[in-house]
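Colleague: Taking the numbering used here, the leading residue of the sequence shown gets 34, the next gets one more, and so forth. Cβ atoms here follow ideal geometry from the backbone N, Cα and C, with glycine treated the same way. Being a predicted model, the structure only gives us computed values, none of them experimental.
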Amino acid sequence: ARKSYQNFAKMTVEYMRFPRMTGEDVLSLCRLEGKEKLELALKRGKGAVLVGGHFGNWELMGGYLSMSGYPISFLVGKQHNGFIDELMNKYRRLMGVDIIPMGYAVRGVIRALRNNKFVALLSDQDARRDGVFVDFFGIKASTPQGPAVFALKTGAPIIFGSAIRVKGARHLFKLQLLRFDHLDGITPENIQEVTQAYTSLLEQHIREHPDHW
34 ARKSYQNFAK
44 MTVEYMRFPR
54 MTGEDVLSLC
64 RLEGKEKLEL
74 ALKRGKGAVL
84 VGGHFGNWEL
94 MGGYLSMSGY
104 PISFLVGKQH
114 NGFIDELMNK
124 YRRLMGVDII
134 PMGYAVRGVI
144 RALRNNKFVA
154 LLSDQDARRD
164 GVFVDFFGIK
174 ASTPQGPAVF
184 ALKTGAPIIF
194 GSAIRVKGAR
204 HLFKLQLLRF
214 DHLDGITPEN
224 IQEVTQAYTS
234 LLEQHIREHP
244 DHW
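1. Specify the secondary structure class of His215 as computed by DSSP and reduced to three states.
2. Just curious, the alpha helix (DSSP H) that Gly85 is in, first and last residue?
3. Could you tell me the distance, in whole angstroms, from the CA atom of Asp58 to the CA atom of Glu119?
4. Between which two residues does the beta strand (DSSP E) containing Pro147 stretch?
5. Distance, Cα to Cα, His245 vs Leu98?
6. Which runs of the alpha helix (DSSP H), 4 residues or longer, sit entirely within the stretch 69-131?
7. Which of the three DSSP states, helix, strand or coil, is assigned to Lys186?
8. When we look at the beta-carbon of Leu127 and count the other beta-carbons within 10 Å, is it buried (16 or more) or exposed?
9. Pick helix, strand or coil for Pro243, following the three-state DSSP scheme.
10. Where does the unbroken beta strand (DSSP E) through Thr176 begin, and where does it stop?
11. Among all the DSSP beta bridges, which residues are the ones paired with Gly194?
12. Quick check: the Cα distance between Arg162 and Arg64, rounded to an integer number of angstroms?
13. Does the structure place the stretch 134-145 close enough to the stretch 224-241 that three or more beta carbon pairs sit under 8 Å?
14. For Thr253 and Arg212, what's the separation of their Cα atoms in angstroms?
15. Who are the near neighbours of His242 in its chain, counting only those whose CB is closer than 7 Å to its CB and skipping five residues on each side?
16. When the Cα of His238 is compared with those of Val130, Asp168, Gly201 and Gly86, which residue comes out closest?
17. According to DSSP, is Ala160 helix, strand or coil?
18. Which residue marks the beginning of the alpha helix (DSSP H) containing Ala153, and which one marks its end?
19. Any idea if Arg255 is buried or exposed, counting beta-carbon neighbours within 10 angstroms, 16 or more meaning buried?
20. Only counting the same chain, and skipping five residues up and downstream in sequence, which positions put a Cβ closer than 7 Å to that of Glu47?
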């Protein structure tokens, strides 16, 4: 628990430094494992749905991918505090990340994928009645259906990403490609299978680095 608070404090300080960080700063502090997954998705021409959790410095990961030349958008909800909402989106844009507001999710995400871009969504919050229930640490957890639905609708692959703090202010970003070409159509069973696949990956990474979540 102590390490979790320490990690979050470090991430907060890093986040506050975003306006002063140059592209060289970001690229020198981070390393990417799985770049070929992004290149493969671009060659297929359907973009990719990037899925992760509130794990490590996920905001920095988006900025790193953008500054590495990969067109990326964040699907974001509106914060209750208007000042914080504007500030967070300002910092994201400074990092080169485009914003898709939650209210325009379907249209914005599909347009981005059809333009061979990457769309990032965090999928570890309670979706209540709108979610699909999958196994997460031994319990059934209501999980957003969005990533699965977008992937099944457009044929875009899902790339699971995790941000791992390796030493001090340095980070390792790991990407894992999930393809579901064997699934046909947006059915409850297919949504369940896709959602369970990336939720299991998130659980695996949390077990390895519990202080990051």
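Modeller: According to the structure shown:
1. Position 182 of the sequence shown, counted from the first residue, corresponds to residue 215. Of the three classes helix, strand and coil, the one that applies to His215 here is coil, per DSSP.
2. Taking the first residue of the sequence shown as 1, we reach residue 85 at position 52. Run containing Gly85: none in the alpha helix (DSSP H); it sits in the beta strand (DSSP E), Ala81 to Gly85.
3. Here residue 58 refers to the residue found at position 25 of the sequence shown. Here residue 119 refers to the residue found at position 86 of the sequence shown. Rounded to the nearest angstrom, the gap between the Cα atoms of Asp58 and Glu119 is 24 Å.
4. In the sequence shown, residue 147 corresponds to position 114, counting from 1. Correcting the residue type first, residue 147 is Arg in the shown sequence and not Pro. Taken as a continuous stretch (DSSP letters only), Arg147 belongs to no beta strand (DSSP E), being part of the alpha helix (DSSP H) at Ala138 to Arg147.
5. Residue numbering aside, residue 245 sits at position 212 when the sequence shown is read from its first letter. Residue numbering aside, residue 98 sits at position 65 when the sequence shown is read from its first letter. Distance between the alpha carbons of His245 and Leu98 is about 20 Å.
6. Those alpha helix (DSSP H) runs which fall completely within the stretch 69-131 and span 4+ residues are 91-100 and 115-127.
7. If you number the sequence shown from 1, residue 186 lands on position 153. Lys186: helix per DSSP, three-state reduction.
8. Your numbering for residue 127 matches position 94 in the sequence shown. Looking at its Cβ environment, which holds fewer than 16 other Cβ atoms inside 10 Å, Leu127 is exposed.
9. Translated into the one-based positions of the sequence shown, residue 243 becomes position 210. Here DSSP, grouped into helix, strand and coil, assigns Pro243 to helix.
10. Residue mapping note: residue 176 aligns to position 143 of the sequence shown, counting from 1. Where Thr176 is concerned, the enclosing beta strand (DSSP E) stretches over Ile172 to Thr176.
11. For this step, residue 194 is matched to residue 161 along the sequence shown. In DSSP, Gly194 forms a bridge with Leu208.
12. Here residue 162 refers to the residue found at position 129 when the sequence shown is read from its first residue. Here residue 64 refers to the residue found at position 31 when the sequence shown is read from its first residue. The straight-line gap from Cα to Cα measures roughly 38 Å.
13. Taking one beta carbon from each stretch, the stretch 224-241 and the stretch 134-145 have fewer than 3 pairs nearer than 8 Å; the two do not touch.
14. As displayed, the chain neither begins before 34 nor continues past 246, which places residue 253 out of reach and without an answer.
15. Within the sequence shown, numbered from 1, the residue matching residue 242 stands at position 209. Around His242: Ile197.
16. As a first step, residue 238 must be located in the sequence shown, where it is residue number 205. Distance check between His238 and each of Val130, Asp168, Gly201 and Gly86 places Gly86 closest, using alpha-carbon atoms only.
17. Along the sequence shown, one-based indexing puts residue 160 at 127. In the structure shown, Ala160 sits in coil (DSSP, three-state: anything other than H, G, I, E or B).
18. Here the question's residue 153 lines up with position 120 in the sequence shown. Per DSSP, Ala153 is not a residue of any alpha helix (DSSP H); the beta strand (DSSP E) it occupies stretches across Phe151 to Leu155.
19. There is no way to answer for residue 255, as the model of the chain reaches only from 34 to 246.
20. As a first step, residue 47 must be located in the sequence shown, where it is residue number 14. Scanning its chain for C-beta atoms nearer than 7 Å, with the 5 sequence neighbours on each side dropped, one finds around Glu47 the residues Asn90, Leu93 and Ala202, in chain order.
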